[in-house]
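Student: My questions will all concern the structure given below.
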Amino acid sequence: MDNDSQKALSKSKEIFHGLVKNIDVPWEHSAWSQCYKISLNNNSTYFLKGTPRQRKEALVTKHLHILSPNIVPEVINDDLIPESTWRWFLVTNAGTCYYEGIEVKYALKAAFNLGKLQRMTFNEGSFISKFLPQCEAQRLQEAVDNVGRWALKFSNAEESEIIQRLLSISSDYYDDHVKNLNSIPSTCVHKDFWSGNIAVKDENVMIIDWGDALWGVGGISIVNMILSDDGLSSQSNIIWDEYFKGLNRKFDKDYIKSSQIAYLVSELVTEQEVADLQQQKYGPGLIPSVRRLYKELTQNC
Numbered sequence: 001m002d003n004d005s006q007k008a009l010s011k012s013k014e015i016f017h018g019l020v021k022n023i024d025v026p027w028e029h030s031a032w033s034q035c036y037k038i039s040l041n042n043n044s045t046y047f048l049k050g051t052p053r054q055r056k057e058a059l060v061t062k063h064l065h066i067l068s069p070n071i072v073p074e075v076i077n078d079d080l081i082p083e084s085t086w087r088w089f090l091v092t093n094a095g096t097c098y099y100e101g102i103e104v105k106y107a108l109k110a111a112f113n114l115g116k117l118q119r120m121t122f123n124e125g126s127f128i129s130k131f132l133p134q135c136e137a138q139r140l141q142e143a144v145d146n147v148g149r150w151a152l153k154f155s156n157a158e159e160s161e162i163i164q165r166l167l168s169i170s171s172d173y174y175d176d177h178v179k180n181l182n183s184i185p186s187t188c189v190h191k192d193f194w195s196g197n198i199a200v201k202d203e204n205v206m207i208i209d210w211g212d213a214l215w216g217v218g219g220i221s222i223v224n225m226i227l228s229d230d231g232l233s234s235q236s237n238i239i240w241d242e243y244f245k246g247l248n249r250k251f252d253k254d255y256i257k258s259s260q261i262a263y264l265v266s267e268l269v270t271e272q273e274v275a276d277l278q279q280q281k282y283g284p285g286l287i288p289s290v291r292r293l294y295k296e297l298t299q300n301c
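For what it's worth, the UniProt record's numbering labels the leading residue of the sequence shown as 1, then goes sequentially.
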């Protein structure tokens with residue numbers, strides 16, 4: 001355990017005034033996240049999380065909770081150690097997460113809640129937009145170009161050829177998708193929206209872990225949710241329907257189709273974000289994502 005995590009745990013114990021009963025590590029720590037589960041004598045539970053300061057999880061979670069306290073858990077302290085290179089924060093327990101797959105009724109509620117929350121963020125002109133990686137409809141090609149040029153610095157000859165092929169296609173391949181996606185304003189995107197980040201407590205469904213948040217095409221989150229759980233693929237239409245109800249929009253097949261493209265672009269953006277955090281070249285997922293995006297953009301042309 002490093003000094004900062006020890007300090008953060010000590011400050012957490014001070015905040016809870018001797019009520020701490022047990023401290024567990026709920027999942028394995030990574031290069032960009034540490035988490036401790038703090039159980040109190042009064043049966044309350046909190047999570048102490050630490051992330052590099054360039055990740056905006058605490059800020060995004062705090063802001064979204066203010067917008068909708070029934071959908072996003074409360075951050076009770078957003079910076080326990082201001083001098084640390086990591087931001088350590090305390091967040092309330094939102095409920096039980098189903099890592100092996102979620103019941104359809106909860107998936108539908110989560111999709112509706114996400115749509116409702118995203119509608120709030122674009123209606124209020126959210127200030128968090130300027131802090132997050134950009135993946136807006138009108139900037140999809142720009143995002144691809146930025147990631148592609150960055151990736152070329154690290155790629156071998158074969159990888160460079162694949163990346164250059166994607167970079168060489170014209171804006172015409174993006175135009176229809178931009179038009180389809182612009183029917184809904186840019187919003188806060190939960191890039192890791194899956195059953196493990198959907199919490200259920202007394203039938204209330206909350207959305208947690210906003211560490212990979214983006215600003216742009218909200219439907220990216222629903223694509224990720226369906227792809228991450230085989231049990232939801234057959235329910236995709238009703239999940240999308242609940243999402244549109246939360247947005248107060250009509251069911252839109254064109255938006256859904258183009259959200260698949262936006263999702264693939266977002267995969268590239270996240271690959272770069274993670275690599276930058278680890279201060280290394282892109283991971284093994286980038287080139288397959290480049291191939292899939294090129295195929296999806298060009299297959300009907």
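By construction, the Cβ of each residue, glycine as well, lies at the ideal position given by its N, Cα and C atoms.
#1: Pick out whichever of Asn70, Ala199, Ala110, Ala213 has its Cα sitting closest to the Cα of Glu273.
#2: List in chain order: all unbroken alpha helix (DSSP H) runs of 4+ residues lying wholly within the region 93-176.
#3: Taking the DSSP output, what are the residues bridged to Ile23?
#4: Spell out the partners DSSP gives Phe193 in its beta bridges.
#5: Could you tell me the distance, in whole angstroms, from the CA atom of Met206 to the CA atom of Ser33?
#6: Alpha carbon to alpha carbon, how far is Val104 from Leu80?
#7: Need the endpoints of the beta strand (DSSP E) that Gln62 sits in, please.
#8: Using a threshold of 8 angstroms, state whether the C-beta atoms of Leu264 and Leu293 are closer than that.
#9: Note down, in chain order, each residue of its chain lying with its Cβ closer than 7 angstroms to the Cβ of Asp5, except the 5 sequence neighbours on either side.
#10: What residue range is occupied by the uninterrupted beta strand (DSSP E) comprising Leu48?
#11: For Asn3, name the three-state secondary structure that DSSP assigns.
#12: Look at the Cβ atom of Gln118, then the Cβ atom of Gly216, and state whether they are nearer than 8 angstroms.
#13: How about Ala151 and Leu286: do their beta carbons lie closer than 8 angstroms?
#14: In its own chain, which residues sit with a C-beta less than 7 angstroms from the C-beta of Thr270, not counting the 5 before and 5 after it?
#15: CB Thr92 to CB Ile76, shorter than 8 angstroms?
#16: Give me, in chain order, the residues of the same chain whose beta-carbon lies closer than 6 angstroms to that of Lys62; leave out the 5 immediate sequence neighbours on both sides.
#17: Do Ile208 and Pro82 count as a contact pair if the criterion is CB distance below 8 angstroms?
#18: Assuming Ile128 and Leu59 make a contact with CB atoms under 8 angstroms, what is their CB distance in whole Å?
#19: Assuming His236 contacts Ile220 (C-beta within less than 8 angstroms), just tell me the rounded distance between them.
Tutor: With the structure as the only source:
#1: Counted from its first residue, the sequence shown places residue 273 at position 273. When only C-alpha atoms are compared, the closest one is Ala213.
#2: 104-123, 140-152, 157-168
#3: As a working note, residue 23 is residue 23 in the sequence shown. Note: Ile23 sits in a beta bridge opposite Ile38.
#4: Here the question's residue 193 lines up with position 193 in the sequence shown. Answer by DSSP bridge pairing: none, since Phe193 is not bridged.
#5: As a first step, residue 206 is located in the sequence shown; it is residue number 206 there, counting from the start. As a first step, residue 33 is located in the sequence shown; it is residue number 33 there, counting from the start. Rounded to whole angstroms, Met206 to Ser33 spans 20 angstroms at the Cα level.
#6: Against the sequence shown, residue 104 aligns to sequence position 104. Against the sequence shown, residue 80 aligns to sequence position 80. Rounded to whole angstroms, Val104 to Leu80 spans 37 angstroms at the Cα level.
#7: If you number the sequence shown from 1, residue 62 lands on position 62. Note on residue identity: the sequence assigns Lys, not Gln, to residue 62. Taken as a continuous stretch (DSSP letters only), Lys62 belongs to no beta strand (DSSP E), being part of the alpha helix (DSSP H) at 57-67.
#8: As a first step, residue 264 must be located in the sequence shown, where it is residue number 264. As a first step, residue 293 must be located in the sequence shown, where it is residue number 293. The Cβ atoms of Leu264 and Leu293 lie closer than 8 angstroms to each other.
#9: Translated into positions along the sequence shown, residue 5 becomes position 5. The sequence shown places Ser at residue 5, rather than the Asp named in the question. Excluding sequence neighbours, Ser5 sits near Gln34, Gly50.
#10: As a position in the sequence shown, residue 48 is number 48, starting the count at 1. That run of the beta strand (DSSP E) goes 45-52.
#11: Looking up residue 3 in the sequence shown gives position 3. Shown here, Asn3 sits in a helix according to DSSP, grouped into three states.
#12: Counting from 1 along the sequence shown, the entry for residue 118 is found at position 118. Counting from 1 along the sequence shown, the entry for residue 216 is found at position 216. The answer is no: Cβ separation not under 8 angstroms.
#13: For this step, residue 151 is matched to residue 151 along the sequence shown. For this step, residue 286 is matched to residue 286 along the sequence shown. Taking 8 angstroms as the Cβ cut-off, Ala151 and Leu286 qualify as a contacting pair.
#14: The count along the sequence shown starts at 1 and reaches residue 270 at position 270. Cβ within range, chain order: Lys191, Asp212.
#15: Here the question's residue 92 lines up with position 92 in the sequence shown. Here the question's residue 76 lines up with position 76 in the sequence shown. Yes. Within cutoff.
#16: For the purposes of this step, residue 62 is identified with residue 62 of the sequence shown, where counting begins at 1. So the list reads Val75, Asp78, once near-sequence residues are dropped.
#17: Counted from its first residue, the sequence shown places residue 82 at position 82. Counted from its first residue, the sequence shown places residue 208 at position 208. The Cβ atoms of Pro82 and Ile208 do not sit closer than 8 angstroms to each other.
#18: Locating residue 128 in the sequence shown gives position 128, counting from the first residue. Locating residue 59 in the sequence shown gives position 59, counting from the first residue. With 8 angstroms as the limit, Ile128 and Leu59 qualify as a contact, their Cβ atoms being about 7 angstroms apart.
#19: Position 236 of the sequence shown, counted from the first residue, corresponds to residue 236. Position 220 of the sequence shown, counted from the first residue, corresponds to residue 220. It is Ser, not His, that sits at residue 236 in the sequence shown. 15 angstroms between Cβ atoms; not a contact.
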